[in-house]
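Residue numbers (UniProt numbering): 1 to 581.
Have a look at the structure below, then the notes.
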Amino acid sequence: MMESEIKENIGLKNEMKISKASTEMNPWPFFIQERIELWDKLMKAYKDEIAAKISLPDGKQFDGEAWRTTPFHIAEKISKGLADSVIISKVNGEIWDLDRPFEGDATLLLLKFEDEEAKQVFWHSSAHILGEAMERYCGGHLCYGPPIQEGFYYDMWHESRTISQDDFSRIDQIVKCAVKKFQEEAAKRDHRKLGRDQELFFFNPLSPGCAFWYPKGAHIYNTLINFIKREYRKRGFSEWFILRRIHNCLGNCRFDVEKEQFALKPMNCPGHCLMFDHQPHTYNELPIRYADFGVLHRNEKSGALTGLTRLRRFQQDDAHIFCRNDQIMDEIKGCLDFLCFCYEKVFGFTFKLNLSTRPDEFMGDIETWNKAEADLKAALDQSSKPWMLNEGDGAFYGPKIDITIEDALKRNHQCATIQLDFQLPQRFDLYYFNEKGDKERPVMIHRAVLGSVERMTAILTENFGGKWPFWLSPRQAKVITVHESVNAYARQVKEEIFAAGFEFDERCSDTLNKQIRNAQLAQFNFILVVGAKEMGNGTVNVRTRDNAVRGEVQVKDLIRKFHRFCEEYTKDTESADEFSI
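Structure below.
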């Protein structure tokens, strides 16, 4: 490259961007130009990769960046007035939060309050806020609070009082506080913050999209998996371990080995089909239920990676049921019972069920679809849970039930799924022998409860606000000594409780009050204070993380309580009623 070309490319082009000293070479060395050219090349490739074209109903288009540009950014580009008045958006026909980034090229519809769908979203959120305000104002018991044609309401039961217009101004004050509190609480419960503060997990740029788990986080992770495994044993699932690489896979983490294409495993479904196909099956062997916690990989773009909720490496509690057509309803009922147990009894979530039926473009015969949809409806009716029908929203290969849970901050998350599949058994040519000895095609049911274990950990972290229930807690108990003379007894208590299988800490320092306060801030479920009296009696003095004193308890009795808390997945282990049992 000639000197004049360097001046042209570097001198005037970059003079305004980079401050230069009088002592510098002029022109710069050739290798600086090479760096700039490489930078420009890589930057162009990156911008091409994340470029997103946003199309409005009037035909106008805006350039954006996937995973960065949001509907609100587009509204601001159009006008400040629109940005101030827009309530919600629809992206590719789907209701979309204004601060949620686009994921690629998209159509965008910005909805203001006068739009019916925007009103429903605004009033639905407002109904939740009103409900909380009523609980805090008069202790009312909430019944039902939907958005309606001209606003929203909340039915409430109270034993001794009614609400009149005279109460409205006072309720309005609580509403304003509730909104502020909600925003502060959401920030405080962010799983990325709590994961760092509680030493649960971290990320490193050398392995983007892959979580590194500290021992405390690994305890939560493994406990969730073991919880599902125990339920598998009760519910007739067989756990399998299958390969982590798939030959000729169409996934998006592909590479070549000896002139053949391989990929990191993006899903478990094909492997379970291969397992079913490996041996012949007769009609009386069905249903066959395979379960798998295999590691999965998705090549998510770097801008899409978000804490534990969107990763490149994760595990799912995948299960696939191969059954006869006449067994569909019973299997779906079993799946729903599994979900209700996990979400309601154990985690304390409320959830919604939606049945999505045959789309316009589908595969298979209508009779099979009609029979499957009728079975799903019957199973949902018998579950005694309310459900909604989404006509035509099923996958092309079968109807499905979507499950949306609601957390402590009234946010909705879709984790579990129950999906019928008529096509994979056909594509893998799966069959069983019926009672006449003829081949028949099984129905495949895809089922997950936790979904991604990592994502469920994020949801539970924020739902519990870091105050883990005892059975899941990585900090179940901590012993604190009144004086160093009882340190040996404290270690004995620790060893006894730790040997029983519980997470325990006995490190002692600072004053007694400071030790107790630090243990409470660290969210230890129980704080066990020991002094000369406790050592003499073979007891510990039990406090909770909320500073409630439960008094002296024999160590063996405490271990018995701990076992019960874990076996029964007790939620409020620290309450006086629960602890006294």
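Note that CB positions come from ideal geometry on N, CA and C, so glycine has one too.
Secondary structure at residue i, three-state DSSP: helix, strand or coil?
| i | result |
| --- | --- |
| SER79 | coil |
| LYS571 | coil |
| SER126 | helix |
| ASP105 | coil |
| THR539 | strand |
| ILE527 | strand |
| MET156 | strand |
| VAL175 | helix |
| ILE581 | coil |
| ALA448 | strand |
| PHE498 | helix |
| SER22 | coil |
| ASP48 | helix |
| ARG298 | coil |
| SER169 | helix |
| VAL482 | coil |
| CYS210 | coil |
| MET43 | helix |
| MET388 | strand |
| ALA118 | helix |
| THR282 | strand |
| PHE396 | coil |
| ASP471 | The sequence as given places Trp at residue 471; Asp does not occur at that position. Helix. |
In whole angstroms, what is the alpha-carbon distance linking residue i and residue j?
| i | j | result |
| --- | --- | --- |
| ARG324 | HIS563 | 40 Å |
| TRP39 | LYS47 | 12 Å |
| CYS493 | ILE220 | Per the sequence presented here, residue 493 reads as Val, with Cys not at that position. Approximately 23 Å, taken between the alpha carbons. |
| ALA187 | LYS180 | 11 Å |
| GLY251 | ALA178 | Reliability fails at GLY251, whose pLDDT of 44 lies under 50, so the model's placement of it is uncertain and the value that follows must be treated cautiously. If I take the Cα positions, the gap works out to 45 Å. |
| ASN541 | LYS119 | 55 Å |
| ASP166 | SER160 | 17 Å |
| ILE32 | ASN204 | 30 Å |
| residue 668 | TYR232 | The structure shown has nothing for residue 668, since the chain only spans 1 to 581. |
| PHE565 | LEU472 | 10 Å |
| THR511 | MET388 | 57 Å |
| THR162 | GLN520 | 40 Å |
| ARG189 | MET456 | 14 Å |
| GLY93 | ASP381 | 29 Å |
| ALA548 | GLU391 | 52 Å |
| ARG411 | LEU206 | 32 Å |
| PRO215 | GLY501 | 15 Å |
| LEU243 | ASP365 | In this prediction, LEU243 has a pLDDT of 48, which is less than 50 and means its spatial position is unreliable; what the coordinates show is noted afterwards. If I take the Cα positions, the gap works out to 34 Å. |
| PHE122 | PRO469 | 33 Å |
| ASN9 | ALA52 | Per-residue confidence for ASN9 stands at a pLDDT of 43, beneath the threshold of 50, marking its modelled position as unreliable; no derived number is given. |
| ILE288 | TYR489 | 52 Å |
| LYS90 | TRP67 | 16 Å |
| PHE347 | GLY59 | 47 Å |
Excluding the 5 residues flanking residue i on each side, which residues of the same chain have their C-beta closer than 7 Å to its C-beta?
| i | result |
| --- | --- |
| ASP572 | GLU578 |
| THR368 | PHE422 |
| ALA75 | LEU82, ALA83, VAL86, LEU110 |
| LEU274 | none |
| PHE62 | ILE54, ILE74, LYS77 |
| MET267 | LEU296 |
| GLY209 | GLU300, LEU305, LEU311, ARG312, ARG313 |
| ASP172 | none |
State the CB to CB distance for the pair residue i and residue j, rounded to an integer number of angstroms; the pair is presumed to be in contact (CB under 8 Å).
| i | j | result |
| --- | --- | --- |
| TYR290 | TYR432 | Their Cβ separation, rounded to whole angstroms, is 14 Å, which puts TYR290 and TYR432 out of contact at 8 Å. |
| ILE54 | LEU108 | 5 Å |
| GLY466 | GLN198 | 6 Å |
| MET329 | ALA379 | 5 Å |
| GLU534 | GLU552 | 7 Å |
| GLU65 | ILE50 | 5 Å |
| GLN554 | THR539 | 5 Å |
| ILE88 | ILE95 | 6 Å |
| THR417 | ASP407 | 18 Å between Cβ atoms; not a contact. |
| GLU462 | HIS191 | 5 Å |
Looking only at its own chain, which residues have a Cβ that is under 8 Å from the Cβ of residue i, when we skip the five neighbours before and after it?
| i | result |
| --- | --- |
| ASP375 | ILE328, MET329, ILE332 |
| HIS158 | CYS138, GLY139, GLY140, HIS141 |
| GLU344 | THR350, PHE351 |
| VAL453 | TYR221, LEU224, ILE225, PHE293, PHE314, GLN315, GLN316, ASP317 |
| PHE212 | PHE201, PHE202, PHE203, ASN204 |
| GLY151 | TRP123 |
| PRO386 | LYS352, LEU353 |
| GLU117 | ILE88, LYS90, ILE95, LEU111 |
Considering only residues of the same chain and omitting the five flanking positions on each side of residue i, which have a CB-CB separation below 6 Å?
| i | result |
| --- | --- |
| THR70 | ASP99, PRO101 |
| HIS413 | ILE405, ILE459 |
| PHE504 | ALA477, LYS494, ILE497, PHE498 |
Count Cβ pairs between the stretch 335-343 and the stretch 446-461 that sit closer than 8 Å; are there 3 or more? yes
Three or more C-beta pairs below 8 Å linking the stretch 315-322 and the stretch 355-371: Below 8 Å, too few C-beta pairs join the stretch 315-322 and the stretch 355-371 to call them touching: fewer than three.
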